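In this note's numbering, each residue's number is its place in the sequence shown (first place is 1) plus 423.
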Amino acid sequence: MRVRRSWSKVTDEAPTHEQLVDLVSAAGRLADHSSLRPWRLIELRGRDRERLGRAIHKAEHKPGRSTKPLRAPLLIAVVARIRKGKVPDWEQEAVASGVAHLLSLALDDEGWGVFWRTGDHTRSKAVAKAHGLEKNERLLGWLYVGGRPEQRRPSRIKTVDGATFLSPMPR
424 MRVRRSWSKV TDEAPTHEQL VDLVSAAGRL ADHSSLRPWR LIELRGRDRE RLGRAIHKAE
484 HKPGRSTKPL RAPLLIAVVA RIRKGKVPDW EQEAVASGVA HLLSLALDDE GWGVFWRTGD
544 HTRSKAVAKA HGLEKNERLL GWLYVGGRPE QRRPSRIKTV DGATFLSPMP R
């Protein structure tokens, strides 16, 4: 965790489906109020990324397709599956986000380059339709995954001063 970073440029290598299943199993072990498992992930490879590019441009009222989904060989769509009941929607989205973050840490630990992409089009009808989302599902973004490129210079990892963000309860 201390050396994790986002890799905005990745190579054409990607984990196999089987490798991904193992990491998703580990990431799914996070805290989850009422054990709802209010999330699912969608694996996009090959032409799936082109379909997503067309849906993004449709959402933006542009012809053709966006090339953004082609920036990595594997995209993992992060979907919150909201169930009505005692657990609030925001908490269910937090669980889905937690799974995505743990998965990104697991992928990073395995040596893969990962970055999380979001945007206004995550809530568009065209993009939701492309992913086959149900009415109770919300797309939270995509993990872009690929091989780590060779670094030409050492990366500068910015440390976080925990004391800046940790305080006692006010009196």
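Cβ atoms here follow ideal geometry from the backbone N, Cα and C, with glycine treated the same way. All values derive from a computational prediction rather than experimental measurement.
Segment contact: the region 535-555 against the region 577-589, fewer than three CB-CB distances shorter than 8 angstroms; contact not assigned. Taking a C-beta distance under 7 angstroms as the contact criterion, Gly534 and Trp430 do not qualify as a contact pair. Each residue's CA atom was taken as its position, placing Asp531 and Leu493 some 20 angstroms apart.
The way I'd put it, the region 469-485 doesn't touch the region 434-452; fewer than three beta-carbon pairs between them come closer than 8 angstroms.
Assignment of Thr582 by DSSP, reduced to helix, strand and coil, places it in the coil class. Secondary-structure assignment with DSSP links Phe538 through a beta bridge to Tyr567. Of the candidates Val568, Ala553, Val426, Ala553 places its Cα closest to the Cα of Arg488. When the beta-carbon positions are compared, Ala503 and Leu556 stay at least 7 angstroms from each other. Distance from the CA of Ala519 to the CA of Val501, rounded to the nearest whole angstrom, comes to 7 angstroms. Relative to Leu464, the option among Met592, Trp565, Glu573 whose CA is nearest is Trp565. In the DSSP assignment, Ala553 falls within the unbroken alpha helix (DSSP H) covering 548-554.
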